[in-house]
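Q: In this text, residue positions in the sequence shown follow my numbering: the first is 1, and each later residue adds one. Here it is, the structure in full.
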Amino acid sequence: IVRLMNELNHSMVSEFVFLGISSSWAIQLGLLLFSSFFYIVIVLGNIFIVLIVSTDGHLHSPMYFLLANLSFIDLCLSTVVVPKMISDLLYEHKVISFQGCITQIFFIHLMGGTEMVLLIIMAFDRYVAICKPLHYLTIMNPKMCIFLQVSSWVIGLIHSLTQLAFVANLPFCGPNEIDSFYCDLPRFIKLACIDSYKMEFIVTANSGFISIGTICLLFISYIYILVTVHKHSSGLSKALSTLSAHISVVILFFGPCIFVYVWPFPTLPVDKFLAIIDFIITPVLNPSIYTFRKQDMKAVMKRLSSRLVNFRKIL
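Spelled out as structure tokens, the structure:
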């Protein structure tokens, strides 16, 4: 990424100006309160899950290992964008340096690509747990879990570097206003001092086709799981309950991605709203959809609360 930054830095543009979500101070104040509250929830909720899964022996299972990694990725993805957005809401002139913009793009695609692969791994985990329960711990052993997790990060890194490689030699010499509250490749490429249509198509098609391909693969796997369970005529309601949480998260994550990168008629207000879903709403909902509904996690939270009550009594 350092080499790519050096290559990009030949540009005459040293910073970019965000036009933000709205020019209305009332709306900006509302967004400031909304985003600040939810970011605190994102940080506390996802850190809580990572710490609980790491320290409680009752949760040392492949499923919770993957859920803890999902929480970590959601926290990182939100942190790449939301703190900058919150600080910008306090100022009329919203600026990000050229290097800062490239760094934001890199980490957005790194976390996004890693989460895409992780959701596929989680679907595979549920397939093994539901369709091959007797072999679950053998297949999803600790070495396999670590291998799958490392693979997701490597694939996410390759995806992000590939996206940046497309724009490594683009010249930027004129307009520097981005009609958004964060940097992403489609709007970044539009500011280049060349006819960027082909480059924009390649980059957006890359992310768009990956998103569509991944969500299709996920839904095919869910359908296969349900058909397999239905044939055995047992546990269909439990499988539906489990997969409904996965499907909800997949729709929340991939819906905005597909709209932004595939929809041929971009509408900026809608794009900004969908970005808020990806960076603020989804990282808040993932812990509640995936984790806090589960009986094991509820039991751990009850034990933790009882310990806190006893500790207070001692004091």
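Virtual Cβ for every residue (Gly too), placed ideally from N, Cα, C.
When the Cβ atoms of the stretch 68-79 are set against those of the stretch 34-48, are three or more pairs found closer than 8 Å?
A: These segments touch.
Q: Buried or exposed for Ser-87, please, with buried defined as at least 16 other CB atoms from any protein chain shown within 10 angstroms of its CB.
A: So Ser-87 counts as exposed.
Q: Taking 8 Å as the cut-off, does the stretch 170-177 touch the stretch 119-136 (at least 3 CB pairs, one atom from each stretch)?
A: Verdict: no, contact absent.
Q: Quick check: the Cα distance between Tyr-127 and Ile-225, rounded to an integer number of angstroms?
A: Distance between the alpha carbons of Tyr-127 and Ile-225 is about 6 Å.
Q: Candidates Asp-278, Ser-221, Pro-83 and His-246: which alpha carbon is nearest Phe-259's?
A: Comparing Cα positions, the closest option is Asp-278.
Q: Go ahead and pull the three-state DSSP assignment for Ile-96.
A: If DSSP states are grouped into helix, strand and coil, Ile-96 belongs with the strands.
Q: Identify which residue in Ala-26, Phe-181 and Leu-32 has its Cα closest to the Cα of Val-95.
A: Comparing Cα-Cα distances from Val-95 to each of Ala-26, Phe-181 and Leu-32, the minimum goes to Phe-181.
Q: Do Phe-172 and Val-17 have their CB atoms nearer than 7 Å?
A: No, these two residues do not count as a Cβ contact at 7 Å.
Q: From the DSSP secondary-structure annotation, give me the bridge partner or partners of Cys-300.
A: According to the sequence shown, residue 300 is Val rather than Cys. In DSSP, Val-300 forms no bridge with anything.
Q: Figure out for me which residue from Ser-71, Thr-103, Phe-107 and Gly-20 has the closest Cα to the Cα of Cys-289.
A: The question names Cys, but residue 289 is Ile in the sequence shown. Minimum Cα distance to Ile-289 is reached at Ser-71.
Q: Out of Gly-20, Pro-133 and Phe-106, which has the shortest C-alpha to C-alpha gap to Val-167?
A: The shortest Cα separation from Val-167 among Gly-20, Pro-133 and Phe-106 belongs to Phe-106.
Q: Within the continuous beta strand (DSSP E) that includes Phe-18, where are the two ends?
A: 15-18 is the span of the beta strand (DSSP E), which, as asked, contains Phe-18.
Q: Based on Cα-Cα distance, which residue from Ile-146, His-246 and Thr-138 lies nearest to Thr-282?
A: Comparing Cα-Cα distances from Thr-282 to each of Ile-146, His-246 and Thr-138, the minimum goes to His-246.
Q: Could you spell out where the alpha helix (DSSP H) holding Phe-181 opens and where it closes?
A: First-last for Phe-181: undefined, no H or E at that position.
Q: Between Ile-280 and Phe-38, is the Cβ-Cβ spacing less than 7 Å?
A: Against a cut-off of 7 Å, the Cβ pair of Phe-38 and Ile-280 comes out as a contact.
Q: On a Cα-Cα basis, can you pick out the residue from Leu-51, Ala-165, Ile-194 and Cys-183 that is closest to Val-203?
A: Residue Ala-165 is the option with its Cα nearest to Val-203.
Q: In its own chain, which residues sit with a C-beta less than 7 Å from the C-beta of Val-50, not counting the 5 before and 5 after it?
A: Closer than 7 Å at Cβ, skipping near neighbours: Ala-68, Ser-71 and Phe-72.
Q: Short of 6 Å in beta carbon distance, which residues of its chain neighbour Ala-129, apart from the five on each side in sequence? Order them along the chain.
A: Within the same chain, Ala-129 has close Cβ partners Tyr-136.
Q: Taking 7 Å as the threshold (C-beta atoms), are Thr-214 and Ser-152 in contact?
A: Not in contact: Ser-152 and Thr-214 (Cβ atoms no closer than 7 Å).
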